[in-house]
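Comments concern the structure below.
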Amino acid sequence: MSNHLTIQTKLLHNEHKVDPLTGAVSVPIQHSSTFHQYSFDEFGEYDYARGSNPTRKALEEVIAELEGGTRGFAFASGMAAISTAFMLLSKGDHVVITEDVYGGTYRFVTEVLPRFGIEHSFVDMTKKDEVVNHMKANTKLIYIETPSNPTLKITNISEIVTIAKAHNCLTFCDNTFLTPVFQRPLELGVDVVLHSATKFLGGHSDVVAGLAVVKDEDLGKRLAFLHNSFGTILGVQDSWLVLRGLKTLQVRMHASSKAAAYIAEWLSNRQEVSCVYYPGLATHPGKEIQEQQSTSHGAVLSFEFSTREKAKIFVENVRLPVFAVSLGAVESILSYPATMSHGSMPKEEREKRGITEGLLRLSVGLEGVEDIIKDFEQAFEQMK
Ligand SMILES: *Cc1c(COP(=O)(O)O)cnc(C)c1O
Numbered sequence: 208m209s210n211h212l213t214i215q216t217k218l219l220h221n222e223h224k225v226d227p228l229t230g231a232v233s234v235p236i237q238h239s240s241t242f243h244q245y246s247f248d249e250f251g252e253y254d255y256a257r258g259s260n261p262t263r264k265a266l267e268e269v270i271a272e273l274e275g276g277t278r279g280f281a282f283a284s285g286m287a288a289i290s291t292a293f294m295l296l297s298k299g300d301h302v303v304i305t306e307d308v309y310g311g312t313y314r315f316v317t318e319v320l321p322r323f324g325i326e327h328s329f330v331d332m333t334k335k336d337e338v339v340n341h342m343k344a345n346t347k348l349i350y351i352e353t354p355s356n357p358t359l360k361i362t363n364i365s366e367i368v369t370i371a372k373a374h375n376c377l378t379f380c381d382n383t384f385l386t387p388v389f390q391r392p393l394e395l396g397v398d399v400v401l402h403s404a405t406k407f408l409g410g411h412s413d414v415v416a417g418l419a420v421v422k423d424e425d426l427g428k429r430l431a432f433l434h435n436s437f438g439t440i441l442g443v444q445d446s447w448l449v450l451r452g453l454k455t456l457q458v459r460m461h462a463s464s465k466a467a468a469y470i471a472e473w474l475s476n477r478q479e480v481s482c483v484y485y486p487g488l489a490t491h492p493g494k495e496i497q498e499q500q501s502t503s504h505g506a507v508l509s510f511e512f513s514t515r516e517k518a519k520i521f522v523e524n525v526r527l528p529v530f531a532v533s534l535g536a537v538e539s540i541l542s543y544p545a546t547m548s549h550g551s552m553p554k555e556e557r558e559k560r561g562i563t564e565g566l567l568r569l570s571v572g573l574e575g576v577e578d579i580i581k582d583f584e585q586a587f588e589q590m591k
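Our numbering numbers the first residue of the sequence shown as 208 and each following residue consecutively.
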């Protein structure tokens, strides 16, 4: 639809606003796994639902438009999207990947890809020279995630894209933390944008889903082929849940990130906390780049206590946030990266990345910020 509309309007007034057949204002859930062909010679748009389905397609078109791409793909999970996109590579290829990548991606790259002859190098993506130095003749992909998880490091997207283009290789960007409301990597030259739609896009802790978006049409064809070959597709009920979540994405992202900025500032003034990671803080080394390439600092922050024991007391005493794996929901989610998101990473590797035993990650939801602060204050009291 029209490019001049703001993203908040596009979330509601897109091609799928009204069902052309009935006028329904909610995308119909089409359960059919197969579609009758009226002609012996020429098949219609839909034949078998692994290949395409109207409900899933609606979600795919909406995310493609939001990210500024030509084609979107809905997957059974974020990891289904990520692992399928990696299958664009072939035996003998090499990947340069951010060292603080999501734990599941780390597991896939270190334990699955090597069996297929695809090698990798982990780098600190915030250091241009380090990235350049790890590029090899067979490097076919640079994989970034910004802000990173859980230490919120910021990668300069355009700078990485320039390196990738000079080496004639692809760039993938996991955009889960900011969503197209705040950051649109395709506009900066990234080739494939990946999402765990389980997080902010779905937004309500009630669906596991993944999305991929591309701008280049040929790349779109290759990814469509893999999507259908692996069958890593999103079911129709779940597609509908993500479509519904998307309608409120802009207001949720704005409210949560505003509260996150406030909480990060507040935590950084508490003597109980030894370190706060949030790209909106004046002390954050990536603040400037973040502000150039995104329109917000996001709704996720991490903070550290000096010991595991202190983190434990805090978690056991807060009442509002749920203590759980995941992020990006209407309720605030507190998690313990060492055993949750990064539980699949060896301790030594974790510590190298700053994921200490005292580190907690907070994904800020839609509660009143004053209630969260009061809750945290009473938990701090228990630490004395
Ligand atoms: C959760 C997450 C994933 C994986 O997504 P699933 O939907 O859990 O498979 C990938 N990347 C990031 C940044 C995530 O937070």
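Heads up, the beta-carbon is just placed ideally off N, CA and C, and yes, glycines get one too. Please read all numbers here as calculations on a predicted model, not as lab measurements.
- Task: With a 10 Å radius around its C-beta and 16 neighbouring C-beta atoms as the bar for buried, classify Y309 as buried or exposed.
- Result: buried
- Query: Would you call the CB atoms of S436 and A506 closer than 8 Å?
  - Reply: no
- Message: Using 8 Å as the threshold, is the C-beta distance between L393 and V400 below it?
- Response: Yes; because the gap between Cβ atoms is below 8 Å, this pair is in contact.
- Message: Which residue wins for smallest C-alpha separation from F583, given the options A545, S539, K422?
- Response: It is S539.
- Message: Which of the three DSSP states is assigned to T291 in this structure?
- Response: Reduced to three states, the DSSP call for T291 is helix.
- Task: Would you give the residue range spanned by the beta strand (DSSP E) that I349 belongs to?
- Result: 346-352
- Item | For F379 and D398, believed in contact at Cβ under 8 Å, the rounded distance | 7 Å
- Message: Can you give me the C-alpha to C-alpha distance between E555 and F389, rounded to a whole angstrom?
- Response: Those two C-alpha atoms are separated by around 33 Å.
- If we cut at 8 Å on Cβ distances, does A518 have a partner in chain E? Of the protein chains in this structure there is only one, and it is not chain E.
- Residue range of the beta strand (DSSP E) that includes V421: 417-421
- Task: Assign R278 to one of three DSSP states: helix, strand, or coil.
- Result: The answer is strand: DSSP assigns R278 an E or B state.
- Item | Simplified DSSP assignment, three categories, for I440 | strand
- Item | A489, buried or exposed, once every other Cβ within 10 Å from all chains shown has been counted against 16 | It counts as exposed.
- Query: Terminal residues of the continuous beta strand (DSSP E) containing L566?
  - Reply: 566-570
- Query: Using DSSP with H/G/I as helix, E/B as strand and the rest coil, what is Y245?
  - Reply: coil
- Query: Where DSSP assigns a beta bridge to S481, which residues make up the other side?
  - Reply: According to DSSP, which records beta bridges pairwise, S481 is partnered with nothing at all.
- Item | Counterpart residues of S328 in DSSP-defined beta bridges | V303
- Message: For F512 and G550, I'd like the C-alpha separation in whole angstroms.
- Response: 19 Å
- Query: Using the C-alpha atoms, what's the distance from S328 back to R322?
  - Reply: 15 Å
- How is the alpha helix (DSSP H) around V399 delimited, first residue to last? No alpha helix (DSSP H) contains V399, which is instead part of the beta strand (DSSP E) from 399-403.
- Message: Using only the alpha-carbon positions, how far apart do S464 and P492 sit?
- Response: 19 Å
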